[in-house]
Ligand SMILES: Nc1ncnc2c1ncn2[C@@H]1O[C@H](COP(=O)(O)OC(=O)CCCC[C@@H]2CCSS2)[C@@H](O)[C@H]1O
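Numbering (UniProt numbering), first residue to last: 1 to 373.
Structure, rendered in structure tokens:
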């Protein structure tokens, strides 16, 4: 059963320096189950941040269910260019989010449930949480063969991943969050999580790709709603709490003071791209010039998402050295992002407005460079 959640309840449960009213304290004595009414990945990640920041040491465990419209979610220390097809994502309007927890890249859509288990650091136990999910799955469909692995994945029939795990451990509190694939678009998932970019070198965390499967393929009654209710029932039984799922609105400032600025921060270029660990690109492409193919080599070092070193090598007769130097130096400091090349084109137009041939070469270069961004 879903019930709306009041501001008072939330403050009393979560905020430091608030003494829960006697009656409420009784009902949430051992924990609480929440579900987001939003399908916005940034807003939902902001709820995680907010609860993590405000949870007090009394440590009522909280289970938070959330689902997102199509999004790719990378780990805190990952490189989006290495993990996904950013061009395809832009074309398809798929959001990219960087979460605060480590680990690999996953795809979310409305057929995927996210579950966040908030506890004190002391009580943080990923295997315990996964066992709880396994009990819930067993309760709704005893025929399922699902096992938890040492990496805290859930595998169906010994080989198909249905859940991936990540976590964030703070000084006193922690959360473990995981996915659960019910009816996600698997074809889309695999095409989005394939990087087309060549020649990237970095120390960023690499994802561990697996075969994936939806639970709905095994049993058409296993919808997201059925699975959330089953997990809520197990969670309630385990913590001896009310099994009601409280609906929360992640944009409600009266409920979560300051949450909208958290969501905003998660949407910034500085967080999503700028936090990418330093990396380099060593690639080349060919251009057709006077009936022969010329090789253009590109070497880039990218730090905090911005080009730190840029070396574009092209035959002198195609692009004179001084223009190449201009290009290399104008790219330095700019964001490694396609909109920046448009800005550079404008710079060139201003620098040498008459040279049409040069402009077309520059445009070719910019198009090629955009292709690796
Ligand atoms: N939604 C989803 N669920 C399970 N597995 C997935 C999913 N999307 C992709 N994958 C597969 O997992 C690997 C990456 O596995 P890898 O082990 O590298 O990473 C993870 O599992 C991270 C899980 C993060 C969970 C958080 C919970 C709330 S916000 S995101 C990917 O290449 C695909 O093969």
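Here a beta-carbon is modelled for each residue, glycine too, at the ideal position from N, C-alpha and C.
Check, Outcome
"Looking only at C-alpha atoms, which of 321, 84, 137 and 249 sits nearest to residue 180?", "137"
"By a C-beta neighbour count over all protein chains shown, 10 Å radius and 16 as the cutoff for buried, is residue 342 buried or exposed?", "exposed"
"Looking at residue 121 and ligand 1, is the gap between the Cβ and the nearest heavy atom below 8 Å?", "no"
"Mind checking whether residue 77 and residue 165 have CB atoms under 9 Å apart?", "no"
"Tell me whether residue 73 sits in a helix, a strand or coil according to DSSP, three-state version.", "strand"
"Fully enclosed by the region 220 to 256, which beta strand (DSSP E) runs are 3 residues long or longer?", "245 to 248"
"Assess, as a yes-or-no matter, whether the region 216 to 231 is touched by the region 197 to 204 under the definition of 3 or more beta carbon pairs within less than 8 Å.", "no"
"Which one of 140, 152, 147 and 139 has the shortest CA to CA distance from residue 126?", "152"
"Closer than 8 Å: is that where the CB of residue 177 sits relative to any heavy atom of ligand 1?", "yes"
"Kindly examine ligand 1 and report whether one of its heavy atoms sits closer than 8 Å to the Cβ of residue 231.", "no"
"Secondary structure at residue 178, three-state DSSP: helix, strand or coil?", "strand"
"Could you give the first and the last residue of the continuous alpha helix (DSSP H) run that contains residue 216?", "215 to 218"
"When the distance is taken between beta carbons, is residue 259 closer than 9 Å to residue 50?", "yes"
"Given this structure, state the Cα-to-Cα distance separating residue 133 from residue 113, to the nearest angstrom.", "12 Å"
"Output needed for residue 299: all residues of its chain with C-beta closer than 6 Å, excluding positions within five of it in sequence on either side, in chain order.", "282 and 311"
"Could you name the residues of the same chain whose beta carbon sits closer than 7 Å to that of residue 22, not counting the 5 residues immediately before and after it, in chain order?", "Note that residue 22 has pLDDT 40, beneath the 50 cutoff, so the model's placement of it is unreliable and the number below is only indicative. So no residue of the chain qualifies."
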